[in-house]
Each structure stands twice: as C-alpha cells, then as structure tokens.
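**Q** Heads up: the sequence shown begins at 3 in our numbering, then just goes up one per residue. In this text, a Cβ means the ideal position worked out from N, Cα and C, and glycines have one as well.
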Amino acid sequence: MRHSKRRHVLGVTGPHRSAMMGNLAVALISHGRIETTLAKAKALRPFIEKLITLAKKAEKANDAARKLHFRRLAIARVRDKKAVAVLFDERVTEFAERAGGYTRIYKLGQRVGDAAEMGLIELIDGNDEGYDKPKKKPAKKKATKKVAKKTEEQEPEESTPIEDAVTEEAPKDEAAEDVETPVEEKPVEETSSEEK
Numbered sequence: 003m004r005h006s007k008r009r010h011v012l013g014v015t016g017p018h019r020s021a022m023m024g025n026l027a028v029a030l031i032s033h034g035r036i037e038t039t040l041a042k043a044k045a046l047r048p049f050i051e052k053l054i055t056l057a058k059k060a061e062k063a064n065d066a067a068r069k070l071h072f073r074r075l076a077i078a079r080v081r082d083k084k085a086v087a088v089l090f091d092e093r094v095t096e097f098a099e100r101a102g103g104y105t106r107i108y109k110l111g112q113r114v115g116d117a118a119e120m121g122l123i124e125l126i127d128g129n130d131e132g133y134d135k136p137k138k139k140p141a142k143k144k145a146t147k148k149v150a151k152k153t154e155e156q157e158p159e160e161s162t163p164i165e166d167a168v169t170e171e172a173p174k175d176e177a178a179e180d181v182e183t184p185v186e187e188k189p190v191e192e193t194s195s196e197e198k
C-alpha cells in the first residue's frame, strides 16, 4: 500500500532519482532556468528550495563550523562543489528577503516526440514580485434580473396552441423550397496549342 509516501517517483530507482535531481539542480543554479518535463520540474522544486534554505542558514550562521556544515550538507545532495559555491556565495543574496517560493514553473505544452508535458522552471529574482492577475469585472446584477424577466415573459408565449405552431412552420418550409437549385455546369473543351 502507498501510505505516507510523498516522493515523486519519476519511474526510476532511488540512486537514479537523487543523481537526476542533483544534475537538474546544478543546471538550474548555473543557468537560472531550465526546460524539462513537468513531472521533473515539480519534483525539482522542493529539492532546490531546500538547498536555497541551507544557503540562507549558512549566511545567517555566526561561526565558521556551522557555515561549513551547511555547505557540506548541500554538497552531499548536489555533488558539484562549483555549483554549491555559486549558490552559497553569489545567488543566496537574491533570496535574502524571500521566505520561500524561490522557483516558478511555467507549463509549456506537450513535447512533439512523445507528447510529454513540458515545463520551464526558473529561479525567481529577489526583486521579482510576480505579476498581477487581471481583475475580473463584477457581474452585473441588473443583467441577471433582465434575463429572469425575459424568461418569465417567454413562458406564456410558449403555451400557444399546437395548431398555431404548425401554421408558423409551414411558411418556413415553403421558403426552403423556393431556393434556386444550382445549374449543372458543362465541361469546357480545352484546345491545346499543338492542335492550332
């Protein structure tokens, strides 16, 4: 049974998954944004955010031993000292004011080859406030009342006798018969330049 298992499996073994997450994290740290499958992007989000939290803790730490401890924890997960150095020394200042939510995922549609859902995951800049959603116009209450009045008015009209409805339909059928039928076109004989 699958109780209390909150890991993105991704169809690979445990060591493969940890190596893949480390490689994706290195690419994201060095490039700032990467395009991958949506499932991998969603699995990478908590992984990279925990690394950024380690970097923030190391920056706030008072003693060198504690800073080294956080850096070693990050190296154990990512296994790339250069990427960890970039994250801990340069990139951590971008996230100093943010209390989480360091990444953003965009859906890109389906990949052409196998129709896999693709996504773009990016690190959010420190001064990025996102975008404002367009405000929806408030629903017009008057319009709903008018619609309700119109439906009440139409109900008595619909209760007309059936004979009236039949007589109204008859002229419509005659109008359909009055439509001109298209004239058959005869093929035109083509003369070639050789016959002349």
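With 16 as the cutoff for other CB atoms within 10 Å, does Met-3 come out buried or exposed?
**A** exposed
**Q** Measure from the alpha carbon of Ala-29 to the alpha carbon of each residue in Lys-109, Lys-137, Ile-50, then state which is nearest.
**A** Ile-50
**Q** Could you tell me which of Leu-12, His-5, Ala-27, Val-11 sits nearest to Asp-82, measuring between CA atoms?
**A** Of the listed residues, the one whose Cα sits closest to Asp-82 is Ala-27.
**Q** If we call anything under 8 Å between Cβ atoms a contact, is Leu-56 one with Phe-72?
**A** yes
**Q** Keeping to the same chain, check which residues put their C-beta closer than 6 Å to that of Gly-24; ignore five residues upstream and five downstream.
**A** Val-80, Arg-81
**Q** With a 10 Å radius around its C-beta and 16 neighbouring C-beta atoms as the bar for buried, classify Lys-7 as buried or exposed.
**A** exposed
**Q** Is the beta carbon of Ile-123 sitting closer than 8 Å to the one on Thr-105?
**A** Yes.
**Q** Taking 8 Å as the limit between beta carbons, can you name the residues of its chain near Gln-112, skipping five residues before and five after?
**A** Ala-118, Glu-119, Met-120
**Q** In the DSSP output, which residue or residues are listed as bridge partners for Leu-125?
**A** Thr-105
**Q** Between the alpha carbons of Val-86 and Ile-31, how many angstroms are there, rounded?
**A** 8 Å
**Q** How long is the line joining the alpha carbons of Lys-205 and His-5, rounded to whole angstroms?
**A** Not covered by the structure: residue 205. The range shown for the chain is 3 to 198.
**Q** Does DSSP classify Thr-55 as helix, strand or coil?
**A** For Thr-55, the three-state secondary structure derived from DSSP is helix.
**Q** Between the Cα of Thr-99 and the Cα atoms of Lys-137, Ala-41, Lys-62, which residue gives the shortest distance?
**A** Checking the sequence, you will find Glu at residue 99 rather than Thr. Comparing Cα positions, the closest option is Lys-62.
**Q** Would Lys-42 be called buried (16 or more neighbouring beta carbons within 10 Å of its own) or exposed?
**A** The C-beta of Lys-42 has 16 or more other C-beta atoms within 10 Å across all chains shown, which makes the residue buried.
**Q** Using 10 angstroms around the beta-carbon of Ala-21, count the other beta-carbons present and answer buried if the total reaches 16, otherwise exposed.
**A** exposed
**Q** Lys-84: buried (16+ other C-beta within 10 angstroms of its C-beta) or exposed?
**A** exposed
**Q** Check whether the Cβ atoms of Asp-65 and Glu-96 lie closer than 8 Å to each other.
**A** no
**Q** With respect to the alpha helix (DSSP H) encompassing Arg-35, which residues constitute its N-terminal and C-terminal limits?
**A** Taken as a continuous stretch (DSSP letters only), Arg-35 belongs to no alpha helix (DSSP H), being part of the beta strand (DSSP E) at 35-39.
**Q** Determine which residues share a DSSP beta bridge with Glu-119 and list them.
**A** Gln-112
**Q** Let me know the secondary structure DSSP gives His-71 once reduced to three states.
**A** Reduced to three states, the DSSP call for His-71 is helix.
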